[in-house]
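Trainee:
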Amino acid sequence: VSLRERKPWHLDFGVGYSDADGARAFVEIGHDNVFGNGTSLSIRQRGSAGGDVTSLAERTDVLGRVPFMLGTPWWLDVDIFQQMSRQLGYDLRQYGVWLDGHRELFADRIRGLRGNLRYRIESVRYSNVDPTLLTVDVEPGHQLIISLTPMLTLDRRDEPLDPTRGSFHQISVETGARFLGGDVQFVKGLLETRWFFDWVPKTVIAAAGRLGLAAPYGSTTALAIQDRFYAGGATTIRGYPEDRVGPLDARSNPAGGNATAILNLEWRFPLYRWLGGAVFVDSGAVTPEIVDLRLGAFRTGTGAGLRIKTPVGPIRFDVGYALRPIPDEKRTQFHITFGNPF
Numbered sequence: 082v083s084l085r086e087r088k089p090w091h092l093d094f095g096v097g098y099s100d101a102d103g104a105r106a107f108v109e110i111g112h113d114n115v116f117g118n119g120t121s122l123s124i125r126q127r128g129s130a131g132g133d134v135t136s137l138a139e140r141t142d143v144l145g146r147v148p149f150m151l152g153t154p155w156w157l158d159v160d161i162f163q164q165m166s167r168q169l170g171y172d173l174r175q176y177g178v179w180l181d182g183h184r185e186l187f188a189d190r191i192r193g194l195r196g197n198l199r200y201r202i203e204s205v206r207y208s209n210v211d212p213t214l215l216t217v218d219v220e221p222g223h224q225l226i227i228s229l230t231p232m233l234t235l236d237r238r239d240e241p242l243d244p245t246r247g248s249f250h251q252i253s254v255e256t257g258a259r260f261l262g263g264d265v266q267f268v269k270g271l272l273e274t275r276w277f278f279d280w281v282p283k284t285v286i287a288a289a290g291r292l293g294l295a296a297p298y299g300s301t302t303a304l305a306i307q308d309r310f311y312a313g314g315a316t317t318i319r320g321y322p323e324d325r326v327g328p329l330d331a332r333s334n335p336a337g338g339n340a341t342a343i344l345n346l347e348w349r350f351p352l353y354r355w356l357g358g359a360v361f362v363d364s365g366a367v368t369p370e371i372v373d374l375r376l377g378a379f380r381t382g383t384g385a386g387l388r389i390k391t392p393v394g395p396i397r398f399d400v401g402y403a404l405r406p407i408p409d410e411k412r413t414q415f416h417i418t419f420g421n422p423f
């Protein structure tokens with residue numbers, strides 16, 4: 082057996098499209114073995130334009146990964162970033178650092194179980210806020226968000242990019258607090274489960290569920306608008322415009338909510354070589370407060386789509402039909418994006 086060490090430098094780039102962000106592109110340059118111990122360092126630049134939710138955005142990330150930090154089983158991921166985006170009704174500027182420590186748990190007994198602890202420091206500035214917004218908590222100014230998020234993940238999928246069998250489960254609880262040094266106080270929990278079955282040869286039945294609950298506390302009266310839950314569109318509830326299932330402001334822009342529940346069911350099947358098809362049913366809701374989350378708030382969409390298989394996941398074309406349409410919105414929505422919805 083003859084082995085040759087891979088060159089540590091890499092240059093990656095790509096283009097894509099989604100309904101929310103529009104056309105997008107990225108370029109990344111990095112080194113995968115900075116100190117000879119597997120530590121990686123890279124710089125990534127991303128941009129997008131023409132989306133239904135974000136009309137223009139650019140983001141720069143300095144990314145690092147340290148394996149087996151200080152001789153422990155923990156790995157450390159570091160993301161130092163700046164981002165500018167033009168949202169519906171306001172402009173958003175963000176600077177921050179995310180530190181994410183993670184490790185395998187009980188690897189000799191439980192396959193695919195991982196624990197994470199994430200530390201978030203983020204400076205947020207709102208500008209060009211539309212004065213007709215009903216969400217009065219979105220005002221020109223600055224916020225400092227500092228939070229801790231423990232997370233538990235169990236991943237039993239056979240292939241992360243395009244799974245055919247297995248399951249994925251994740252639970253996280255993010256807590257923002259003044260004692261950490263931030264301006265806002267909140268608790269935000271998210272529970273997610275996905276299942277994939279290949280009972281019928283060459284086809285996949287995929288099912289997923291998401292439940293998110295959040296609430297401010299103390300002197301904080303509302304979550305930052307970018308930290309709220311949203312639904313509607315290519316990755317949540319197809320048949321509805323992006324992020325428009327849930328509260329809307331005075332200009333009918335998505336305002337987000339403190340609670341969400343989403344259920345998805347999809348049958349994926351081959352058509353011809355690299356071309357596949359799918360039929361689906363999505364249902365879910367986003368509500369202003371947790372107490373508002375009830376069956377009457379749910380909206381359901383159904384439809385079908387095509388999948389073009391690629392080495393990095395499918396290119397997806399979906400047509401969704403809203404069974405309970407939003408007033409003044411079309412019942413039929415077309416969704417184009419990369420990757421599976423879940």
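Per the working numbering: the sequence shown ends with 423, consecutive numbering throughout.
All C-beta atoms, glycine included, are put in the ideal place defined by N, C-alpha and C.
Every value quoted in this text rests on a predicted model; they were computed, and no experiment measured them.
If I follow the unbroken beta strand (DSSP E) through Leu304, where does it start and stop?
Mentor: No beta strand (DSSP E) holds Leu304; DSSP gives it neither H nor E.
Trainee: For the segment 261-318, list the beta strand (DSSP E) runs that are entirely contained and at least 3 residues long, ordered along the chain.
Mentor: 267-278 and 285-297
Trainee: State buried or exposed for Glu370, treating a residue as buried only when at least 16 other CB atoms are found within 10 Å of its CB.
Mentor: exposed
Trainee: Hey, is the segment 253-260 in contact with the segment 401-411, meaning 3+ C-beta pairs nearer than 8 Å?
Mentor: no
Trainee: Can you give me the C-alpha to C-alpha distance between Phe419 and Gly394, rounded to a whole angstrom?
Mentor: So the alpha carbons of these two residues sit roughly 7 Å apart.
Trainee: For Ile226, is the classification buried or exposed, using 16 other Cβ atoms within 10 angstroms of its Cβ as the cut-off for buried?
Mentor: buried
Trainee: Under a three-way DSSP split, which group does Val372 fall into?
Mentor: Three-state result, Val372: helix.
Trainee: Measuring CB atoms only, is the segment 325-339 touching the segment 136-152, in the sense that at least three cross pairs come out at less than 8 Å?
Mentor: no
Trainee: The beta strand (DSSP E) with Thr391 in it runs from where to where?
Mentor: Under the DSSP assignment, Thr391 falls outside any beta strand (DSSP E); it carries neither an H nor an E label.
Trainee: Pop quiz: Met150 and Leu157 are said to be a contact at Cβ under 8 Å. What is the actual Cβ separation, rounded to whole angstroms?
Mentor: For a cut-off of 8 Å, the C-beta gap from Met150 to Leu157 is around 5 Å, short enough to register as a contact.
Trainee: Does the Cβ of Ser129 have 16 or more other Cβ atoms within 10 Å, making it buried, or fewer, making it exposed?
Mentor: The residue is buried, with at least 16 neighbouring Cβ atoms inside 10 Å.
Trainee: If you measure between the beta carbons of Ala289 and Thr274, is that distance less than 8 Å?
Mentor: yes
Trainee: Any idea if Pro392 is buried or exposed, counting beta-carbon neighbours within 10 angstroms, 16 or more meaning buried?
Mentor: That one is exposed.
Trainee: Answer with buried or exposed for Ser300, where buried requires no fewer than 16 other C-beta atoms within 10 angstroms of its C-beta.
Mentor: exposed
Trainee: Say whether the segment 303-320 touches the segment 272-287, bearing in mind that this needs 3 or more beta-carbon pairs closer than 8 Å, one atom from each stretch.
Mentor: no
Trainee: Would you list the residues sitting across from Trp156 in a DSSP beta bridge?
Mentor: His183
Trainee: Around the C-beta of Val108, are 16 or more other C-beta atoms found within 10 angstroms, so that it is buried, or is it exposed?
Mentor: By the Cβ neighbour-count rule, Val108 is exposed, with fewer than 16 other Cβ atoms within 10 Å of its own.
Trainee: Taking just the CA atoms, how far does Arg195 sit from Asp181?
Mentor: 12 Å
Trainee: Could I get the ranges of all uninterrupted beta strand (DSSP E) runs contained in the segment 207-252, with 3 residues as the minimum, in chain order?
Mentor: 222-236
Trainee: Measuring only the C-alpha atoms, how far is Thr413 from Gly314?
Mentor: 11 Å
Trainee: DSSP state of Ala378, grouped into three classes?
Mentor: helix
Trainee: Take Asp100 and list the residues in its own chain whose beta-carbon comes closer than 6 Å to its own, dropping the five residues that flank it on each side.
Mentor: Asp133, Gly314, Ala315, Glu323 and His416
Trainee: Could you check which residue in Leu374, Ile161 and Val205 has the C-alpha nearest to that of Asp172?
Mentor: Val205
Trainee: If you follow the beta strand (DSSP E) that Glu323 is part of, which residue opens it and which one closes it?
Mentor: Per DSSP, Glu323 belongs to no beta strand (DSSP E) and is neither H nor E.
Trainee: Reducing DSSP to helix, strand and coil, say where Leu151 ends up.
Mentor: helix
Trainee: Could you give the C-beta distance for Gly131 and Gly170, rounded to a whole number, given that I count them as a contact under 8 Å?
Mentor: With 8 Å as the limit, Gly131 and Gly170 do not qualify as a contact, their Cβ atoms being about 17 Å apart.
Trainee: Does the beta-carbon distance from Gly177 to Arg201 come in below 8 Å?
Mentor: Going by C-beta atoms, Gly177 is nearer than 8 Å to Arg201.
Trainee: Taking only three categories from DSSP, how would you classify Ala87?
Mentor: For clarity, residue 87 is Arg in the given sequence; the question names Ala instead. Correct three-state label for Arg87: coil.
Trainee: Check this for me: beta carbons of Asp363 and Asn345, under 8 Å apart or not?
Mentor: yes
Trainee: Taking the CB atoms as reference points, tell me whether Arg375 and Ala403 lie closer together than 8 Å.
Mentor: No. Outside cutoff.
Trainee: Are there 16 or more other CB atoms within 10 angstroms of the CB of Thr302, so buried, or fewer, so exposed?
Mentor: exposed
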